[in-house]
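In what follows, a structure is listed as structure tokens, so that the remarks can point back to it.
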């Protein structure tokens, strides 16, 4: 069982975040399951965790608002006694109804706001995990599909901004790890991209050799919460060979 007691997993009412939340709960960590609008979906994840003897609470919070990150931090401390782990999984930007610059507001500004809200309350020795994609992590060196370009650039901007906070985190012995994956089978982003650019998923699968499922990638994210790696480490999960080759890294 983990020595960590409380965690916030953003965007965890479905997909990768939900898998990660459930796996952390199996390690004895109390998890704040975050949703933006779909409470029933989040409550279902909480129920699944509690059925297995775990601890979780669903908290509705829009990370792009000033009060959203604070609500998640407070929920962890109040329900589980401490905040030791923050998994920055929530992302988006392909939505057309969320207003101008939504990708940047969510993928950069909200990530920083979440970590700034968490840092004063986080326990020493804690861990922050930022979840991204190869398409975003390597966007400065390797171009991506037109439909994903703005999202990829905003996620890379978020990663860069979070990395600039590493000295502050280090003062409290809190480590920061990036987990980067390829297109994930079954995610909304992959489905949307394939709709906009038919054949995109097949092309990535061929280039990578294999695409991870939501369950497989969520397991990798959860694993990196406990992994013995240096702060600032980037874990490239599957199929990054062609990105590394093109980027010259």
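In our numbering, the protein residues as written are 2 to 250.
Don't be surprised by glycine CBs; every beta carbon is placed ideally from N, CA and C.
This one's a predicted model, so the numbers in the text were calculated from it and none came from an experiment.
Of the listed residues the options, nearest to residue i (C-alpha basis)
{"i": "residue 66", "options": "37, 224 and 158", "result": "37"}
{"i": "residue 32", "options": "110, 56, 46 and 212", "result": "56"}
{"i": "residue 183", "options": "200, 147 and 241", "result": "241"}
{"i": "residue 126", "options": "146, 105 and 85", "result": "85"}
{"i": "residue 60", "options": "52, 43, 117 and 87", "result": "43"}
{"i": "residue 230", "options": "62, 12, 51 and 179", "result": "179"}
{"i": "residue 222", "options": "87, 116, 78 and 148", "result": "87"}
{"i": "residue 121", "options": "245, 19, 21 and 175", "result": "175"}
{"i": "residue 92", "options": "224, 189, 247 and 235", "result": "189"}
{"i": "residue 128", "options": "225, 247 and 193", "result": "225"}
{"i": "residue 181", "options": "219, 165 and 187", "result": "219"}
Residue i versus residue j: straight-line alpha-carbon distance, rounded
{"i": "residue 102", "j": "residue 5", "result": "36 Å"}
{"i": "residue 144", "j": "residue 29", "result": "41 Å"}
{"i": "residue 142", "j": "residue 133", "result": "16 Å"}
{"i": "residue 169", "j": "residue 200", "result": "43 Å"}
{"i": "residue 139", "j": "residue 249", "result": "11 Å"}
{"i": "residue 172", "j": "residue 237", "result": "26 Å"}
{"i": "residue 82", "j": "residue 7", "result": "7 Å"}
{"i": "residue 114", "j": "residue 23", "result": "25 Å"}
{"i": "residue 208", "j": "residue 195", "result": "15 Å"}
{"i": "residue 52", "j": "residue 123", "result": "28 Å"}
{"i": "residue 1", "j": "residue 244", "result": "Coverage of the chain is limited to positions 2 through 250, which leaves residue 1 absent and any answer about it impossible."}
{"i": "residue 117", "j": "residue 104", "result": "19 Å"}
{"i": "residue 149", "j": "residue 205", "result": "14 Å"}
Whole-Å CB distance - residue i paired with residue j, under 8 Å assumed
{"i": "residue 233", "j": "residue 167", "result": "6 Å"}
{"i": "residue 3", "j": "residue 227", "result": "7 Å"}
{"i": "residue 62", "j": "residue 69", "result": "4 Å"}
{"i": "residue 10", "j": "residue 119", "result": "Between residue 119 and residue 10 the Cβ distance is about 12 Å, and since that is not below 8 Å, they are no contact."}
{"i": "residue 50", "j": "residue 14", "result": "That belief does not hold up - the Cβ atoms of residue 50 and residue 14 are roughly 12 Å apart, past 8 Å."}
Practice problem: Report yes or no: do three or more beta-carbon pairs, one from the segment 159-166 and one from the segment 105-125, lie closer than 8 Å? | Solution: Between the segment 159-166 and the segment 105-125 there are three or more C-beta pairs closer than 8 Å, enough to call the two in contact.
Self-check item: Start-end ranges of the beta strand (DSSP E) lying completely within the segment 40-67, minimum 3 residues
Solution: 57-61
Quiz item: Could you give the uninterrupted runs of the beta strand (DSSP E) lying entirely in the segment 161-211, keeping only those of 3 residues or more?
Solution: 176-182
Quiz prompt | Continuous beta strand (DSSP E) assignments of at least 3 residues falling wholly in the segment 98-163 | solution = 123-134
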